[in-house]
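> Residue numbers (our numbering), protein chains in the order written: chain A, 1 to 283; chain B, 284 to 583.
We put the CB at the ideal spot given by N, CA and C, even for glycine.
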Amino acid sequence: MVTRKQKRNNWILTIVLLIASLFFLFPVIWMLANSFKPDAAITADMNSLRAFVPPVLNGSFLENYITVLTNTNFIRYMCNTLFYAAVLIVLGVVVNGLAGYALAKIKFPFRERWLMIIMLLMIVPMETIITIHFLIVAKLGLLNTVLGYILPMIVNPFNIFLFRQVFVSLPDDVYEAAQLDRCGPLKYFFTMVLPMSKSVVATVSVFTFLNVWNDYLWPSLVFTSGDLLTAQIGLNAITSNDNTTTGQTLAVITMVTIPVIIIYSFFSKQIVEGVISTGSKEG
Amino acid sequence: MKRRKSESLMGMAFFGPALVLLTIFLFLPMVLTLVFSFTDFFALNPKLTHFTGLENYIQIFEDEDFRQAFFNTVKFVIIIVPLQGLGALGLALLINKVSHCKKYFKVAFFVPVVMSLAVVSTLWIQIYSPEGILNSVLGVMGISAQPFINSASQALPSIAVMSAWQGVGYQMIIFLGGIQAINPALYEAAEMDHATPWQKFRDITLPELKPLCIFVFITITIGAFRMLVQPMVMTGGGPSHSTYTVVYDIYETGTVNWEIGLASTMAIAFAFFVMILTVIQTILTRDKEEKDGNKKTKKK
Chain A
1 MVTRKQKRNN
11 WILTIVLLIA
21 SLFFLFPVIW
31 MLANSFKPDA
41 AITADMNSLR
51 AFVPPVLNGS
61 FLENYITVLT
71 NTNFIRYMCN
81 TLFYAAVLIV
91 LGVVVNGLAG
101 YALAKIKFPF
111 RERWLMIIML
121 LMIVPMETII
131 TIHFLIVAKL
141 GLLNTVLGYI
151 LPMIVNPFNI
161 FLFRQVFVSL
171 PDDVYEAAQL
181 DRCGPLKYFF
191 TMVLPMSKSV
201 VATVSVFTFL
211 NVWNDYLWPS
221 LVFTSGDLLT
231 AQIGLNAITS
241 NDNTTTGQTL
251 AVITMVTIPV
261 IIIYSFFSKQ
271 IVEGVISTGS
281 KEG
Chain B
284 MKRRKSESLM
294 GMAFFGPALV
304 LLTIFLFLPM
314 VLTLVFSFTD
324 FFALNPKLTH
334 FTGLENYIQI
344 FEDEDFRQAF
354 FNTVKFVIII
364 VPLQGLGALG
374 LALLINKVSH
384 CKKYFKVAFF
394 VPVVMSLAVV
404 STLWIQIYSP
414 EGILNSVLGV
424 MGISAQPFIN
434 SASQALPSIA
444 VMSAWQGVGY
454 QMIIFLGGIQ
464 AINPALYEAA
474 EMDHATPWQK
484 FRDITLPELK
494 PLCIFVFITI
504 TIGAFRMLVQ
514 PMVMTGGGPS
524 HSTYTVVYDI
534 YETGTVNWEI
544 GLASTMAIAF
554 AFFVMILTVI
564 QTILTRDKEE
574 KDGNKKTKKK
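1) If the cut-off is 9 Å on Cβ atoms, which residues from the region 227-247 of chain A count as contacting chain B, listed in chain order?
2) Name the two residues that bound the continuous alpha helix (DSSP H) containing phenylalanine 161 (chain A).
3) Which residue from B:Met549, B:His477, B:Met558 puts its Cα closest to that of leucine 337 (chain B)?
4) Taking DSSP as the reference, what is the three-state secondary structure of phenylalanine 24 (chain A)?
5) Would you kindly report the start and end of the unbroken alpha helix (DSSP H) that includes glycine 452 (chain B)?
6) Run down chain A in chain order and give the residues with a C-beta less than 8 Å from the C-beta of lysine 380 (chain B).
7) In whole angstroms, what is the alpha-carbon distance linking lysine 583 (chain B) and phenylalanine 553 (chain B)?
8) Would you check if the region 247-262 of chain A and the region 60-71 of chain A touch, i.e. whether three or more CB-CB distances between them fall below 8 Å?
9) Can you look up lysine 269 (chain A) in the DSSP assignment and give me helix, strand or coil?
10) For serine 436 (chain B), is the classification buried or exposed, using 16 other Cβ atoms within 10 angstroms of its Cβ as the cut-off for buried?
11) Comparing alpha-carbon positions, which option in B:Met424, B:Thr356, B:Ala438 lies nearest isoleucine 533 (chain B)?
12) Mapping DSSP to helix, strand and coil, what is threonine 254 (chain A)?
13) For phenylalanine 163 (chain A) versus tyrosine 216 (chain A), is the C-beta distance shorter than 8 Å?
14) Any beta carbon of chain A sitting closer than 8 Å to that of histidine 383 (chain B)?
15) Give the range of the alpha helix (DSSP H) segment to which isoleucine 136 (chain A) is assigned.
16) Quick check: what's the CA-CA separation for glycine 283 (chain A) versus proline 55 (chain A)?
17) Could you tell me whether any Cβ in chain A is nearer than 8 Å to the Cβ of serine 419 (chain B)?
18) Kindly indicate if chain A contains any beta-carbon less than 8 Å away from that of isoleucine 566 (chain B).
19) Go through the region 500-537 of chain B residue by residue and report every complete run of the alpha helix (DSSP H) that reaches 4 residues or more, in order.
20) Under 9 Å, CB to CB, which of the residues in the region 476-502 of chain B have a partner in chain A?
21) Which residues, taken in chain order from the region 34-46 of chain A, show a beta carbon closer than 7 Å to some beta carbon of chain B?
22) So with CB distances below 7 Å, who are the chain A contacts of methionine 398 (chain B)?
23) Report yes or no: do the region 519-539 of chain B and the region 302-316 of chain B share at least 3 C-beta pairs separated by less than 8 Å?
24) If you measure between the beta carbons of methionine 455 (chain B) and alanine 375 (chain B), is that distance less than 8 Å?
25) In whole angstroms, what is the alpha-carbon distance linking asparagine 73 (chain A) and isoleucine 432 (chain B)?
26) If contact means a Cβ-Cβ distance below 9 Å, which residues of the region 287-304 of chain B contact chain A?
27) Quick one, which residues of the region 95-107 of chain A are near chain D if we go by CB-CB under 8 Å, in chain order?
28) Can you check whether the CB of isoleucine 362 (chain B) is closer than 8 Å to the CB of proline 430 (chain B)?
29) Compare the beta carbon distance of tyrosine 149 (chain A) and tyrosine 84 (chain A) with 8 Å and say whether it is the shorter of the two.
30) Determine, using beta carbons only, whether glycine 141 (chain A) comes closer than 8 Å to chain B.
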């Protein structure tokens, strides 16, 4: 029962929101459009609507991108970060998953107490201990090494808890049946538990990837030299160089965002569910 | 009996790797932070370390930089929380109402969330630059050029607006989820009573969303307290310390000046603050779940 007045109001609302969304997105639109322009054109277009329109397709259209990719270590930084993310996803799922499974299904001393401790750890802000992380990694002689960067990032109380919550509702009779087939606990975990819990594995993997890709403070502390930098630190190193033009800066930050956009478009369901569940679980 | 023993061994084996890492990278750092906070530990000359009792705790509150960092952080929280929280709620309510292009709106306002803090900060250095696009847009509207992040009075609000812009889409999605979870029967009943849209909003939507609002506003507050990357990339804490935050001070004191003792004290004070907020959040929102539980059992 939609009246004509309601229909008209809805159209007005749509148009108002459309305009609002364009205003809201103007920095992103400006970034994309100007990443294809030389600096002279960026300045020249600044005072007209052309500032939000990409230039005509011609020979120099991709010049900023090509310069960044050929003259800087940018590709290297991107590959580094992809590698760190892959390692941390595998180690994170195994270590936190095993711990979550133990807390959910296996009886061992002080299990309930450990669960309490894990939940308490979730509220400790990481910034509190980052100085000591830095000190420990420095004392171990692991500053500016991949190992020094990765080791403190593997275990994550939040992920342990997430795994535990999912594993606790797995049926027990499957485990008993598997035991009759002489399937050991480790084999059972990898061949049955993980495949049965694909969605939580996907959620943890996606959030680990985003965390590694977007993290700034920790890699900026651990990595001091050029070869091992992550994309975020590398982007800062490239864009704070005086020789980098505005157009190149915009090209760099566009490219750093592309992998994240790919992840979001493939896993938007998991991410949105994850976002909403953080709200509804605790709120 | 034997079986039970082997099961508990297996449990330890499964939990073991996580426990080792938790010990080295969480328990140990937490204990060390607490211990160091009572010393004058200076990492470049560790032999000269003394136990100083509460001296650091007094010192940080007398320290000009830390005090300024604290007030800056509070100021940042005061600006960003209503901006981002109410912005997200408003957007969610409007997008819930709109009947066309719903999907587009959800994506459009979520786009900045996808971008990292370093990317957003780098982009907005350009946006906020004296001859930048924002000033030229303002120029068209007849407003004179603003210094934004180059002035001590505008830098922090500028960073707050940028951060709210980046984060608002995230909370918008949470609110949309909350709005859609409201029982439609409530609105149908209100319709029968010829309630106006405002009455429906005031008497149904708002009370139903209240627990979610508490959750979202405290989450934004905690996030704002932890702010660091934006000033690190954009202003280096300046101009004249106007964007220096608590976490920035911890970071510089500990890892640049190597004054681990003092940095630990700051970190303890900071953690204390954030954890109080988290506990308040947990208590306030748990309350709601219990009430919900009661409601459900009553209905049955």
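Here's the rundown:
1) Ala231, Gln232, Ile233, Leu235, Asn236, Thr239, Ser240, Thr246
2) 157-167
3) B:Met549
4) helix
5) Start and end: 438-463.
6) Asn10, Leu13
7) For lysine 583 (chain B), the pLDDT reaches just 36, beneath the cut-off of 50, and the residue's location in the model is therefore unreliable, although a value from the coordinates is still provided. Distance between the alpha carbons of lysine 583 (chain B) and phenylalanine 553 (chain B) is about 46 Å.
8) yes
9) helix
10) exposed
11) It is B:Thr356 whose Cα lies nearest to the Cα of isoleucine 533 (chain B).
12) Threonine 254 (chain A) falls in the helix class under three-state DSSP.
13) No; because the gap between Cβ atoms is not below 8 Å, this pair is not in contact.
14) Flagged as an interface residue toward chain A: histidine 383 (chain B), by a C-beta distance shorter than 8 Å.
15) Isoleucine 136 (chain A) -> alpha helix (DSSP H) spans 130-139.
16) Here glycine 283 (chain A) scores only 29 on pLDDT, less than 50, and its place in the model is too uncertain to base an answer on.
17) yes
18) No Cβ of chain A is located within less than 8 Å of the beta carbon of isoleucine 566 (chain B).
19) For the region 500-537 of chain B, the full-length alpha helix (DSSP H) segments reaching 4 residues or more read 512-517, 529-534 along the chain.
20) Pro494, Leu495, Cys496, Ile497, Phe498, Val499, Thr502
21) Met46
22) Thr257
23) Contact between the region 519-539 of chain B and the region 302-316 of chain B is absent, with fewer than three C-beta pairs closer than 8 Å.
24) yes
25) 29 Å
26) Within the region 287-304 of chain B, those residues whose Cβ lies closer than 9 Å to any Cβ of chain A are, in chain order, Arg287, Glu290, Ser291, Leu292, Met293, Gly294, Met295, Ala296, Phe297, Phe298, Gly299, Pro300, Ala301, Leu302, Val303, Leu304.
27) No chain D appears in the structure shown, which is made up of the protein chains A and B.
28) no
29) In this structure, the beta-carbon distance from tyrosine 149 (chain A) to tyrosine 84 (chain A) falls below 8 Å.
30) For glycine 141 (chain A), the answer is no, since every Cβ of chain B falls outside 8 Å of its Cβ.
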